[in-house]
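Protein chains in written order, with the numbering used here: chain A, 141 to 343; chain B, 2 to 196. Beta carbons: idealized from backbone N, C-alpha and C, even for Gly. Just so you know, these numbers come straight off a predicted model, no measurement behind them.
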Amino acid sequence: MNASRTRLAILGTMSDLHRQPISYDLNCLQKIVADVSPDLLCAEITKEGWEQGDFSQASVEVREALAPMIASMDIVMIPVAPSPKQYTDFTPDSGWRHRIVRNFNRLLRWGQIWANDVMTINGSGFGAFCHTVCWLTEMFWSSEDRALWERQNKQLVENIVHAVQRDSGRRVLVAVQCQRLHSLMPLLKTHDELFKIVAYQNL
Amino acid sequence: MALNEIRVSVGGGRELDRAGLAALIASLPGLRVVPIEKNPPPQVLVWITTRDTDQYPAVQTDTAILLLTEGAAYESLPETITGLLSKDESPATLGIAIRQVARGEQYLSSSLVTAILQKRQAKSGFTDSETSIINTLTDREREILELLAQGLSNKLIASRLYLSVRTVEGHLANIYLRLGVHSRTEAMLMAVRIR
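What follows is the structure, encoded as structure tokens:
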């Protein structure tokens, strides 16, 4: 419809940590999205779940903040999650791998609580910390889980790309768990011809 | 980055109705309730209809009027009215309707659309030239026209097709142009007839 180039921004979210007494809580997330007011909001809920109105397996951000908020706004939700499985679901069930991954998750949670604001969570310094902890964590997952996580992120990017191709020239905000950022960014950057990635404040 | 708030006033009805509606509108993101006499004037006036009167206030020409109504006593939108919202609709739909009329679009609740179309359908015929015009529409435009005929708002059409509201509005503008109609009601009427 519009020949101008799509602008796309990524907003890292924090799942159940948004419920902690931190400044980057679900209200803050809602305010950011309302202020940015994108044309399209790509978020972590499966297409089936979204179309059936079944939010039970959607991420907490979608279920409790984003979906209720955009219901009265002109923002259109694009469900991009390929499956309901989220980052913490990849924790091994038992054994030494389970203990190590649990400790890394604690470290990540500590980091997220310490960071405690949207600018830091989405900033490069915290990104490097997050990237390192997530990368180490993933090393202790089973090879099947690692492959599944990678496949999931690739499908998620494909769903974003399809949304952009269907409706080019729009302002697109991708709100995904911050654990995905280090996987998604390189994949999204390969689609430079389709959209320009900008900071969410500049969308 | 700051959201451009839409200024909304509430009028008509009884005091308690107005207070409740104003509180609801104020709770929706991006909407701000202002007094009707405020300068600059409100972009949208939500007017609660009552059975006793069909008088509407005189407002500035750039203020859109959204009627909150119980039934379709109309055959199309009265000239000064931009939208008709059924009192059966959800609070979220109120937000959608306000945004739609604030952008200069018409809004009609689907339940009211059905009633309006039924009243008008009996009066109008269906010509061969209309069929040929419909055939000139693209697949996407026909898809949107079909959803329009179901009485869906622009937001619901956009959500159904996973397109932005702006894109749907662009398609609708093309559809109106090609069909040679000037309003949402006329486009709906034509769409219903060719179904």
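- Distance from the CA atom of Ile210(A) to the CA atom of Gly235(A), rounded to whole angstroms, is 42 Å.
- An exposed status is given to His302(A), since fewer than 16 other beta-carbon atoms sit within 10 Å of its beta-carbon.
- Ranked by Cα distance from Leu46(B), the first of Glu16(B), Ala27(B), Leu157(B) and Gly12(B) is Gly12(B).
- Contact between Leu68(B) and Thr50(B) holds, with the beta-carbon distance rounding to 6 Å and staying under 8 Å.
- Of the residues assessed, Arg33(B) falls on the exposed side of the cut-off, its CB having fewer than 16 other CB atoms within 10 angstroms.
- Between the segment 252–272 of chain A and the segment 292–311 of chain A, the count of C-beta pairs closer than 8 Å stays below three; the two stretches do not touch.
- With the rule of 3 Cβ pairs closer than 8 Å, the segment 195–212 of chain A does not count as touching the segment 242–249 of chain A.
- Assignment of beta-bridge partners to Trp48(B) by DSSP yields Gly12(B) and Leu68(B).
- DSSP, reduced to helix, strand and coil, places Arg104(B) outside both helices and strands of the structure shown, so it counts as coil.
- Neighbours of Ser163(A) in chain B, taken as residues whose beta carbon is under 8 Å from its own, are absent, since the nearest beta carbon is some 18 Å off.
- Where Arg310(A) is concerned, there is no enclosing beta strand (DSSP E), because DSSP gives it neither an H nor an E.
- In its chain, beyond the 5 residues on either side, Ala149, Ile150, Leu151, Ile172, Val176, Asn262 and Leu313 have a beta carbon closer than 8 Å to the beta carbon of Tyr340(A).
- Taking 9 Å as the Cβ-Cβ cut-off, the segment 88–101 of chain B approaches chain A at Ser91, Pro92, Ala93, Thr94, Leu95, Gly96, Ile97, Ile99, Arg100 and Gln101, given in chain order.
- The segment 212–257 of chain A is shown to contain whole beta strand (DSSP E) runs of 3 or more residues at 216–219, in chain order.
- At a cut-off of 8 Å, the C-beta of Val216(A) has a neighbouring C-beta in chain B.
- At least one CB of chain B lies nearer than 8 Å to the CB of Asp179(A).
- With fewer than 16 other beta carbons inside 10 angstroms of its own, Met259(A) counts as exposed.
- Arg306(A) reaches chain B at Tyr163 and Leu164, counting residues in chain order whose Cβ is nearer than 7 Å.
- The distance from the Cβ of Val216(A) to that of Ser165(B) is about 6 Å, consistent with a contact at the 8 Å cut-off.
- Arg242(A) and Ala287(A) have their C-alpha atoms spaced approximately 20 Å apart.
- DSSP places Gly267(A) inside the alpha helix (DSSP H), whose first and last residues are Ser264 to Met279.
- Around Ala211(A), the beta-carbon contacts reaching into chain B at under 7 Å are Ala93.
- If you draw a straight line from the Cα of Leu109(B) to the Cα of Leu149(B), it is about 10 Å long.
- Val169(B) is classed as buried because its beta carbon has at least 16 other beta carbons within 10 Å across all chains shown.
- For Gly152(A), no alpha helix (DSSP H) encloses it; the enclosing beta strand (DSSP E) starts and ends at Thr146 to Thr153.
- Taking 8 Å as the CB threshold, Leu29(B) lines the interface with chain A.
- Counted as a single uninterrupted DSSP element, the alpha helix (DSSP H) harbouring Cys168(A) occupies residues Leu166 to Val176.
- From the listed residues Ile218(A), Arg147(A) and Leu321(A), the smallest Cα separation to Gly189(A) is found for Ile218(A).
- Runs of the alpha helix (DSSP H) spanning 4 or more residues and lying entirely within the segment 129–164 of chain B occur at 129–136, 140–150 and 155–162, in chain order.
- Between the C-alpha atoms of Asp156(A) and Leu296(A) there is a straight-line separation of about 21 Å.
- Close to chain B, meaning a Cβ-Cβ distance shorter than 8 Å, are the following residues of the segment 276–306 of chain A: Ala303 and Arg306.
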